[in-house]
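Here the structure is laid out as structure tokens; the discussion comes afterwards.
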Amino acid sequence: MPRDLSRSRSRSPPRRRRRSPSPARYRGRRGRRDRSRSPIRSRSPYRPSYRRRSPSPSPRRRKSRSLSPRRRKSPSPSQKRYRRKRSPSVTSSPVTASQSSHPGLAENKNAIDTQRLEEEKKRRQKEVELRLLEEETSKRVEQAIRRKVEDSLNCDEIKHEIQRRIEEGRKRIHEEVAIQIEKEKEAALNEAKLKVEREKKEWEELEKKLEEERKKAEEALMKEAMEQQQKELERYQELERLQKEREEAMKRKKMEEEQQRQNQMKLLGKNKSRPKLSFAFGMK
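Under the working numbering, the first residue of the sequence shown is numbered 276, with each subsequent residue one higher.
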């Protein structure tokens, strides 16, 4: 209930306050700090949002009717630094002071906190009860489903249907295995054929290489035999030439000897006065 009152109060439109030309506006840092800490200017969450009027006796300023816009005085660098460096403790101190100055508001706050704790406790208890209820419901549903499934499985029609599906699955597996075995056989046969063809091709290439090497060896042997035969022929021709030269030399020598003998006979026929003995001895 106090929360509702505070909300209704806070929703009321705040009164607009016009600033008075008091000299407090131009005070230094200490004046600003003291003014912010005063309990009168602090706003509490349990107080209405309107402000008090300034107690200064100076009259209100009326709005100027001039067309030129009013120029505001820019804050000094010291005021900027003060705004930037002000700690949160300075802003929170008026709230504490206002709360301490109003004991009734503290009691209302304690009552609100107690009510909030009670509501939180009830909410958590309700959540626990809902969770337990959901778990119990899910367990019961699961047990009911399991019981229904077991009852369905124990039925003869379901048993026959399961057996039929098992047989169909086995048959399908056997067919798939047979097809796979047939494919593997065909693949093995193709591989064997390819292997035989590859080995045959390799054997043919090897035989071709051996034939080429044999031909090369035969050609080399034939060439070597021809060279040897040519050498033998040349040697034989050389021997024949030497034999002819020897025969010609012997023939020439015989002819020379015959010519010499005839010459000697001629000489002997002319000179008959010579004794026959000396001639015969000379011939020997």
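For every residue, glycine included, the Cβ atom is placed at its ideal position computed from N, Cα and C.
This structure is a prediction, so every number in the text was calculated from the model and none was measured.
Discussion item. Going by DSSP in three states, Asn429 sits in which element: helix, strand or coil?
Written reply: Translated into the one-based positions of the sequence shown, residue 429 becomes position 154. Coil.
Discussion item. Suppose only complete runs of 4+ residues qualify. What are the alpha helix (DSSP H) ranges in the segment 404 to 488, listed by chain order?
Written reply: none
Discussion item. Rounding to the nearest angstrom, what Cα-Cα distance links Gln539 and Glu533 in this structure?
Written reply: The residue given as residue 539 occupies position 264 in the sequence shown. The residue given as residue 533 occupies position 258 in the sequence shown. Spanning the two alpha carbons is a distance of roughly 10 angstroms.
Worksheet item: For Ser427 versus Ile420, is the C-beta spacing smaller than 8 angstroms?
Response: Here residue 427 refers to the residue found at position 152 when the sequence shown is read from its first residue. Here residue 420 refers to the residue found at position 145 when the sequence shown is read from its first residue. Cβ distance not < 8 angstroms, so Ser427 and Ile420 don't count as in contact.
Discussion item. Quick check: the Cα distance between Glu479 and Asn465, rounded to an integer number of angstroms?
Written reply: In the sequence shown, counting from the first residue as 1, residue 479 sits at position 204. In the sequence shown, counting from the first residue as 1, residue 465 sits at position 190. Approximately 21 angstroms between the Cα atoms of the pair.
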